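**Student:** The sequence shown begins at 1 in full-length UniProt numbering and counts up by one.
Each residue gets a CB set at the ideal place from its N, CA and C atoms; glycine is no exception.
Note that the coordinates shown come from a computational prediction; the quantities given were computed from them, not determined experimentally.
Next up is a structure, given as structure tokens.
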Amino acid sequence: MTYVVSEIRSAGKPRRKRLSHAAIEPWLYLSPAIILLAVVLLVPLVIGISYSFRKFSAFKSEFVGLGQYRAMLSDPVLGQALVNTLWWTVASLFFQFFLGLGLALLLDKPFPGRKVVQALVFLPWAVPSFLSGLTWAWLFNPIIGPLPHWLFALGLKAEPTNILSDPSTAMWGPIVANVWFGIPFFAITLLAALKSIPSELHEAAAIDGASPWQRFTKVTLPFLAPTIAITVMLRTIWIATFADLIFVMTEGGPAGSTNTVPVYIYVSAFKSLDKGYASAVAVLLLVLLIAYAIALIGIRRSLVRHV
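Here is the structure:
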């Protein structure tokens with residue numbers, strides 16, 4: 001009897017060893033990627049947050065605690081930058097989403113030359129943002145670009161002037177360029193989601209007498225809802241942190257009318273050389289975007305449960 005018990009115990013030890021190895025083995029395979037992510041993402045994040053508690057001068061830095069965050073409360077430029085960021089993000093996202101959705105619905109239907117149209121539609125997404133901003137800045141220039149003259153011919157402007165030089169209209173220049181740049185993202189992702197909807201559902205709805213609008217709202221839209229939630233979240237974060245397009249076109253001017261938070265961070269860090277204050281503003285933007293992402297992920301989970 002004692003021999004049997006000892007035999008069972010000795011057999012159990014290798015089994016526990018195998019289980020522990022099986023639990024550790026996946027992490028060993030993932031360790032290079034985890035280390036790379038930690039080095040590329042977490043280390044700069046921690047360093048950036050630590051900079052927000054320091055005041056930098058030309059040759060030294062000193063710890064100021066929450067001094068940079070208190071300075072943000074009385075910074076009118078930052079307040080205007082937050083308003084500009086909200087306007088820039090919402091307007092860009094609105095037009096990108098609805099135009100991208102319409103384009104995806106159009107490309108989901110068979111028609112002659114559809115593959116050629118798809119290639120042309122997705123082309124803007126492959127253009128570097130720097131080149132995109134430079135091209136649109138030229139298009140809005142009345143000396144070498146046609147857009148001011150077209151707006152004048154349509155009666156939308158009293159004379160063919162550059163809208164980027166007018167504080168009341170300057171933001172629309174980067175918004176138009178960003179809409180052109182971002183439509184393919186929504187078109188690609190929503191077209192892929194449309195392809196995953198079973199055709200039997202549309203056929204059954206049509207047999208039941210549902211109109212095209214009813215089929216869209218009762219069949220297509222519920223299936224697209226989870227994809228819409230995640231794509232809107234991703235694109236919102238990308239637009240809100242997008243600085244190069246605006247900087248190339250207007251550099252935040254005129255009179256700060258296109259000065260968004262990312263542009264303000266860049267100017268504070270690399271032109272004013274105030275890395276501590278720029279880091280504090282970046283932390284503020286990070287917190288706002290994390291709160292937005294958490295709220296939207298909660299909405300997406302509820303949509304997934306109802307589909």
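Does residue 128 pass the burial test, meaning 16 or more other C-beta atoms within 10 Å, or should it be called exposed?
**Tutor:** Classification for residue 128: exposed.
**Student:** Check each candidate in 99, 257, 300, 29 and name the one with the smallest Cα separation from residue 230.
**Tutor:** Checked all of 99, 257, 300, 29; the closest Cα to residue 230 is 300.
**Student:** Since residue 236 and residue 93 should fall inside the 8 Å C-beta cutoff, what is the C-beta to C-beta distance between them, to a whole number of angstroms?
**Tutor:** 6 Å
**Student:** Mapping the DSSP letters down to three states, classify residue 62 as helix, strand or coil.
**Tutor:** Correct three-state label for residue 62: strand.
**Student:** Who does residue 56 pair with in a DSSP beta bridge?
**Tutor:** Answer by DSSP bridge pairing, in chain order: 61.
**Student:** Look at the alpha carbon of residue 117 and the alpha carbon of residue 23, and state the distance between them as a whole number of angstroms.
**Tutor:** 49 Å
**Student:** To the nearest angstrom, how far is it from the Cα of residue 136 to the Cα of residue 176?
**Tutor:** 9 Å
**Student:** State the start and end residues of the unbroken alpha helix (DSSP H) segment that holds residue 174.
**Tutor:** Counted as a single uninterrupted DSSP element, the alpha helix (DSSP H) harbouring residue 174 occupies residues 172 to 195.
**Student:** Check whether the Cβ atoms of residue 167 and residue 91 lie closer than 8 Å to each other.
**Tutor:** no
**Student:** How would you write the range of the alpha helix (DSSP H) that residue 250 sits in, first residue to last?
**Tutor:** Per DSSP, residue 250 belongs to no alpha helix (DSSP H) and is neither H nor E.
**Student:** Only counting runs of 4 or more residues, tell me where the alpha helix (DSSP H) segments fall wholly within the segment 121 to 162, in order along the chain.
**Tutor:** 123 to 126, 129 to 139, 147 to 153
**Student:** Of all the options 261, 126, 138, 295, which has the alpha carbon lying nearest to the alpha carbon of residue 248?
**Tutor:** That would be 138, whose Cα lies nearest to the Cα of residue 248.
**Student:** What's the gap between the Cα of residue 277 and the Cα of residue 182?
**Tutor:** 31 Å
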